[in-house]
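Numbering (this note's numbering), first residue to last: 3 to 171. Take a look at the structure set out below.
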Amino acid sequence: MFRPLILIAALAAIAGCASAPAYAPAATQGAAGYSETQIETNRYFVTYRAAGAGDAALIQDFALLRAAELTVQAGRDWFWVDRRTLDEQDSSRSGPSIGVGIGGGNWGRHTGVSVGVGMNFPIGGQSGPRARSATLEVRFGEGVKPDDPNAYDAHALSANLRARLLAPR
């Protein structure tokens, strides 16, 4: 009776880890998805937030995709990333761990001591750095894109990222 429950819980945990973040607008502030905040006429903060920790490169790509879409919507050709912020999660501990707890108590003439031991065995490996959100500070430009690694052609980037990230699998 107990073994099937453990198997079901393990399969649910693995399935939850396998699902990729969805590219969609955030329903509310702080919710999973993309959002943008205009800070000047031509300058925005663009954020993509995952529901839980996800692949840092994917989360950054979703933020870049939204910046490209926003640039095209504004009728501009390219955008410049002034600043990048990544809310990373420490993934240095990925192996099994053991914890020990000791406690004691006193009630009237009775005294008690207890010891507890816990073990953690992570299911599935992490393939790289993990992050919760990526934020870009971007500004738009028109005409010829500057020859700089922080400048992106909005039309080309949008097409490339859409083909790679949002194509049916």
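Glycine included, C-beta positions come from ideal geometry on N, C-alpha and C.
Pull the bridge partners of residue i from the DSSP assignment, please.
i: GLU90; result: ALA133
i: ALA153; result: TRP82
i: PRO148; result: PRO148 is not bridged to any residue.
i: GLU139; result: PHE47 and ARG85
i: THR113; result: ASN108
i: PRO27; result: TYR36
i: GLY54; result: Paired residues: none, contrary to the question.
Going by C-alpha to C-alpha distance, which of the options sits closest to residue i?
i: SER37; options: GLY114, ALA28 and ASN44; result: ALA28
i: ALA136; options: THR30, ARG51 and ASN44; result: ARG51
i: ALA34; options: ARG134, ASP150 and ALA158; result: ARG134
i: GLU42; options: ARG141, ARG68 and THR113; result: ARG141
i: GLY83; options: ARG45, GLY110, THR113 and GLN75; result: Per the sequence shown, residue 83 should be read as Val rather than Gly. For the residues ARG45, GLY110, THR113 and GLN75, the minimum Cα distance to VAL83 belongs to ARG45.
i: LEU72; options: THR49, THR87 and ALA55; result: THR49
When the distance is taken between beta carbons, is residue j closer than 8 Å to residue i?
i: PHE47; j: GLU139; result: yes
i: ALA58; j: PRO131; result: yes
i: ASP63; j: LEU168; result: no
i: SER160; j: ALA70; result: yes
i: ILE104; j: VAL117; result: yes
i: ALA156; j: ASP79; result: yes
Please state whether DSSP places residue i in a helix, a strand or coil.
i: GLN40; result: strand
i: ALA158; result: helix
i: ALA69; result: helix
i: ALA169; result: coil
i: ALA59; result: helix
Just checking: is the beta-carbon of residue i within a distance shorter than 8 Å of some beta-carbon in chain D?
i: ALA158; result: Among the protein chains of the structure shown there is no chain D, as only one such chain exists.
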